[in-house]
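**Q**
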Amino acid sequence: MEHVIGVDIGTQSTKALLVSKDGRIVAQASHSYQVDQPKPMWAEQWPDVWMDAVKHTIKGVLAKANVQASDIKALCVSSLYGGSGIPVDQQIKPLFPCLIWMDRRADREVQFVRESLDLEQLQAITGNGVDSYHGFTKMLWLKHNCPDVWNKTHLFLPPNSYIQYLLTGEIAVDHSSAGNIGGVYDMQQRTWSATLLEQLGIPERMMPPRLVASNEIVGGMLEPMALELGLVPGTPVVAGGVDAAVATLAAGVTEPGNHVAMIGTSMCWGFINTDVDAKNGLVSMPYVTNAESYNYMFGGAITAGASISWFREQFCQEEKQAADLLDDVDVHELLELQAAKTAAGANGVLFLPYLMGERSPIWDSNATGTFVGLSLYHKKAHLYRAVLEGVTFALRHNIECGQRAAKHLDDRLIVVGGAAHSSLWMQIIADITNFEVYTIEQEVEAPLGAAFLAADAIGLIDDAGKIKDWCQLRHRATPNHDNRERYDETFAVYIQLYLDMKDSMHRLKHIANRE
């Protein structure tokens with residue numbers, strides 16, 4: 001039986017799937033790790049952490065499955081958005097940690113770009129704006145703050161490209177990863193922008209010259225690596241792409257108008273479009289299928305699931321202790337039992353989920369999180385529900401911006417990621433966004449999309465639309481009309497609240513940074 005392996009390198013864990021050519025999941029494995037945050041608003045990772053996890057998970061799925069090495073016909077690696085990418089020297093040795101998507105240290109570089117470049121030209125060429133989220137501003141931070149690293153840098157490699165190099169000895173960057181860097185990639189020509197690279201002062205030689213489609217074979221697996229992993233030397237390794245887009249593919253999204261919200265550590269809501277328009281405040285990159293003409297446009301909150309984790313770790317010790325005493329009960333289940341008893345709108349408590357600044361559509365690295373509307377009446381359950389609702393308001397904010405760019409959007413919203421485990425959250429999403437909400441039955445997202453790209457690359461499947469045969473969707477929630485009306489009013493407050501508090505947020509951030 002012919003099989004493929006899909007691997008996804010995430011922010012906090014790497015997951016691998018062994019999948020048959022008809023989409024049946026034979027085995028899966030995962031390996032967790034942490035993000036390094038040496039200073040407030042910094043977020044970085046050394047790539048050896050990712051490589052160790054990739055090895056661990058590939059070995060894990062092979063150990064669990066009764067298949068021969070020769071049965072594995074291809075491997076594909078997708079990854080988190082690597083921000084700056086990994087600066088490597090001429091021997092392709094990492095010189096500095098990868099400044100990942102969550103990192104917000106490049107504020108001065110953002111100001112430099114805004115003062116030095118024609119922003120309309122940058123938006124027209126790249127389909128993206130200027131923010132410390134984007135990799136090109138992080139590259140400039142390295143240039144301005146780490147000259148020794150900059151002078152030794154031969155190339156910047158996205159996470160999946162670096163892992164593919166270790167597996168195959170070949171260097172290539174898929175178009176979705178290149179486009180997501182922003183600022184240096186021409187969305188119209190589907191290549192690096194020599195014009196913007198020159199204006200930014202980033203040598204074009206630092207951009208890998210080989211750009212490939214996400215379903216393209218980068219190279220064959222090197223013999224030492226294959227033998228270590230238990231695979232056949234020469235096994236094709238496929239390019240993959242940015243995890244949000246690959247997870248979107250896993251949900252069966254292959255046509256304009258399809259749209260998916262990936263809610264894990266962060267939130268990415270995206271859809272396929274044939275045009276790009278940076279003025280709507282969203283991010284654009286080539287899609288992972290039909291990359292020559294389809295664009296993936298998305299917006300996202302930096303701290304979605306991360307807001308939930310923060311609340312749990314800081315305020316929910318009693319629930320954590322109770323969950324430890326109960327078999328097969330998660331702390332979130334205990335929190336949701338109480339939150340489900342509170343009314344929509346959390347009895348007047350509103351949460352802004354800007355715990356690491358915010359991405360689209362406000363693009364403000366100095367925005368901060370806040371609870372508003374507290375009184376002595378409110379309990380922990382109200383605050384927990386407000387966090388769920390606040391992240392969902394951020395989702396709606398992005399959807400409304402996307403609707404200005406999309407030719408149309410389907411009536412159903414597919415949700416993937418950890419949030420899909422919460423029935424309460426699925427109902428809140430339906431009520432706030434006014435979409436029918438579906439989830440993927442398999443709960444595997446990006447690794448499944450990566451496996452599909454592997455199968456597509458070697459001809460095990462002959463039509464990208466067949467991804468729909470690989471995933472089973474499950475209906476989770478229908479909008480509640482009464483809740484919808486209340487949420488419409490609250491959403492208007494949510495939008496205004498940031499505008500009213502923006503200056504105060506920035507002043508407090510400035511005061512804190514002086515200490």
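So in this note's numbering, spot 442 of the sequence shown is number 442, and the numbers just go up one at a time.
Glycine included, each C-beta is placed from N, C-alpha and C at the ideal position.
From a predicted model like this one, the values you see are computed outputs, not experimental measurements.
(1) Taking a contact to mean a Cβ-Cβ separation below 8 Å, would you say Leu388 touches Leu424 in this structure?
(2) DSSP state of Ser116, grouped into three classes?
(3) Residue ranges of each alpha helix (DSSP H) run of no fewer than 4 residues wholly in the segment 108–190, ordered along the chain?
(4) What are the boundary residues of the beta strand (DSSP E) that Phe271 is part of?
(5) What are the boundary residues of the alpha helix (DSSP H) that Glu389 is part of?
(6) Looking at Leu227 and the ligand GTP, is the gap between the Cβ and the nearest heavy atom below 7 Å?
(7) Since I believe Val77 is in contact with Val7 (beta carbons under 8 Å), could you give me their beta-carbon distance rounded to a whole number of angstroms?
(8) If I measure Cβ to Cβ from Ala304 and keep anything under 6 Å in the same chain, skipping five residues before and after, which residues do I get?
(9) Is the segment 202–216 touching the segment 48–60, taking contact as three or more C-beta pairs under 8 Å?
(10) For Asp8, report the span of its beta strand (DSSP E) as first-last.
(11) Just tell me which of Ile399, Gly418, Ala420, Ala419 has its CA closest to the CA of Asp411.
(12) Would you report the Cα separation of Val130 and Val110, rounded to the nearest angstrom?
(13) On the three-state DSSP scale, how would you describe Trp46?
(14) Provide the residue(s) that pair with Val415 in DSSP beta bridges, ordered along the chain.
(15) Specify the secondary structure class of Arg476 as computed by DSSP and reduced to three states.
(16) Whether or not the segment 251–258 and the segment 271–284 are in contact is what I'm after, with contact meaning three or more pairs of Cβ atoms, one per stretch, closer than 8 Å; do they touch?
(17) Do Tyr162 and Ile86 have their beta-carbon atoms positioned less than 8 Å apart in this structure?
(18) Taking just the CA atoms, how far does His332 sit from Ala53?
(19) Can you tell me where the alpha helix (DSSP H) holding Phe351 begins and where it ends?
(20) Would you decide whether Lys64 is buried or exposed? Buried here means 16 or more other CB atoms lie within 10 Å of its CB.
(21) Using 10 angstroms around the beta-carbon of Ile302, count the other beta-carbons present and answer buried if the total reaches 16, otherwise exposed.
(22) Just the C-alpha distance for Gln472 and Leu508, rounded to the nearest angstrom, thanks.
**A** Let's see:
(1) The answer is yes: Cβ separation under 8 Å.
(2) The DSSP-derived three-state label of Ser116 is helix.
(3) Segments of the alpha helix (DSSP H) lying fully in the segment 108–190: 119–126, 135–145, 147–152, 159–168, 175–180.
(4) Counting along the chain, Phe271 sits inside the beta strand (DSSP E) bounded by residues 267–273.
(5) Going by DSSP, Glu389 is part of the alpha helix (DSSP H) stretching over 380–403.
(6) Within the structure as shown, the ligand GTP is missing, as the structure has no ligands at all.
(7) Separation of the CB atoms of Val7 and Val77 is rounded to 5 Å, and the pair is thereby assigned contact status at 8 Å.
(8) Answer for Ala304: Ile263, Ser266, Met267, Val391, listed in chain order.
(9) These segments do not touch.
(10) Asp8: member of the beta strand (DSSP E) spanning 3–9, first to last residue.
(11) If we check each option's Cα against that of Asp411, Ile399 comes out closest.
(12) Cα to Cα, the separation comes out at about 6 Å.
(13) Trp46 falls in the coil class under three-state DSSP.
(14) Partner(s): Ala261, Thr439.
(15) It is a strand residue.
(16) Result yes; three or more Cβ-Cβ pairs closer than 8 Å.
(17) When the beta-carbon positions are compared, Ile86 and Tyr162 come within less than 8 Å of each other.
(18) Near 27 Å, if we compare the C-alpha coordinates of His332 and Ala53.
(19) First-last for Phe351: 350–352, but that is the beta strand (DSSP E), not the alpha helix (DSSP H).
(20) Classification for Lys64: exposed.
(21) Ile302 comes out buried.
(22) In a straight line, the C-alpha of Gln472 is about 47 Å away from that of Leu508.
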